[in-house]
Every structure is written in structure tokens, then in C-alpha cells.
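For the sequence shown, the positions run 470 to 575 when our numbering is used.
Where a beta carbon is used, it is the ideal one built from N, C-alpha and C, also for glycine.
Below is one structure, written out as C-alpha cells; the observations come after it.
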Amino acid sequence: MDVPVTVVDGDEETTLSVAEGRVLRDALLEAGFDVYGAVSRRANCGGRGLCGTCGVRLADPPEPEQWHDAAAERWGYPRLSCQVRVTEPMTVELVEKVVWGQLLPD
Numbered sequence: 470m471d472v473p474v475t476v477v478d479g480d481e482e483t484t485l486s487v488a489e490g491r492v493l494r495d496a497l498l499e500a501g502f503d504v505y506g507a508v509s510r511r512a513n514c515g516g517r518g519l520c521g522t523c524g525v526r527l528a529d530p531p532e533p534e535q536w537h538d539a540a541a542e543r544w545g546y547p548r549l550s551c552q553v554r555v556t557e558p559m560t561v562e563l564v565e566k567v568v569w570g571q572l573l574p575d
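Structure follows, in C-alpha cells:
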């Protein structure tokens with residue numbers, strides 16, 4: 470069964486149809502969306518939840534299952550797209566990164 474995932478990239482919004490249970494990072498990359506910064510695009514952990522560079526913001530995020538995502542939820546950091554399984558409709562905002570996985574300051 471496919472699940473709708475709405476991706477907000479700046480001013481553009483796209484809805485993807487993602488197989489239920491698929492890892493969000495993989496679905497985003499396959500659809501041509503970039504979840505990494507300039508450097509981490511080439512040097513990252515490959516979706517193991519270790520480097521912290523594939524962060525995205527989620528509207529109504531699912532409960533975290535990984536330690537980084539638990540901290541992210543508590544402190545308001547982006548969630549790791551490699552640690553989120555698509556099980557229900559969701560809205561994902563891609564965040565701009567400066568160096569490694571760092572976000573631009575507010």
C-alpha cells in the first residue's frame with residue numbers, strides 16, 4: 470500500500486506516493502530530493518543514523534525510535550530522515566544546510 474508524503478522544498482510542494490514501511494531518506498533521494506548539505510552529500514553514514522546529516526522537519530512526526538530522533542523531538546532539532554519509516558501520510562520540510570549537516574541559523 471502506498472502512503473502520500475508531501476515534500477516542502479522552499480516554495481515548492483510535491484506529493485510523493487511512497488510504499489508503506491519504506492525509509493523516508495531512501496524515498497526522498499529516489500525522488501530526486503537532496504536531504505544532505507554540500508559536504509555530507511558525499512560523506513555520510515549511508516542511512517545508519519550515525520552522522521546526523523539527513524535532517525528534515527516533520528509536521529506531526531511519528532514517535533522516535535532512535536536515540537538521535539528522541540533528542541531531536543525533545544529539543545526541536547530536525548529528525549533524521551534515515552530513521553523515519555513511512556507508515557502514515559506525512560508532510561516533510563527539507564531544511565537548508567551550510568556545512569556538514571549544520572542548519573543555517575534562525
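Grab the span of the beta strand (DSSP E) containing residue i for me, first residue to last.
| i | result |
| --- | --- |
| Asp414 | Nothing about residue 414 can be read from this structure; the chain reaches only from 470 to 575. |
| Arg543 | Careful: Arg543 lies outside any beta strand (DSSP E), inside the alpha helix (DSSP H) at 536 to 544. |
| Leu527 | 524 to 528 |
Which term fits residue i, buried or exposed, when burial requires 16 or more other beta carbons within 10 angstroms of its beta carbon?
| i | result |
| --- | --- |
| Met559 | buried |
| Gly524 | buried |
| Gly506 | buried |
| Ala496 | buried |
| Arg543 | exposed |
Measuring CA to CA, which of the options is closest to residue i?
| i | options | result |
| --- | --- | --- |
| Gly515 | Trp536, Leu493, Pro530, Glu534 | Leu493 |
| Thr522 | Ala512, Pro531, Leu497 | Ala512 |
| Glu565 | Pro531, Arg526, Gln535, Glu542 | Arg526 |
| Leu498 | Trp544, Val476, Val472 | Val476 |
Using beta-carbon positions only, say whether residue i and residue j come within less than 8 Å of one another.
| i | j | result |
| --- | --- | --- |
| Ala500 | Leu519 | no |
| Ala539 | Tyr546 | no |
State yes or no: is the C-beta of residue i nearer than 7 Å to some heavy atom of the ligand MN?
| i | result |
| --- | --- |
| Thr475 | For the structure depicted, the ligand MN is absent and the ligand set is empty, with no information on it obtainable. |
Practice task
Inspect the CB distances between the stretch 475 to 493 and the stretch 547 to 559 and report whether three or more fall short of 8 Å.
Solution key: yes
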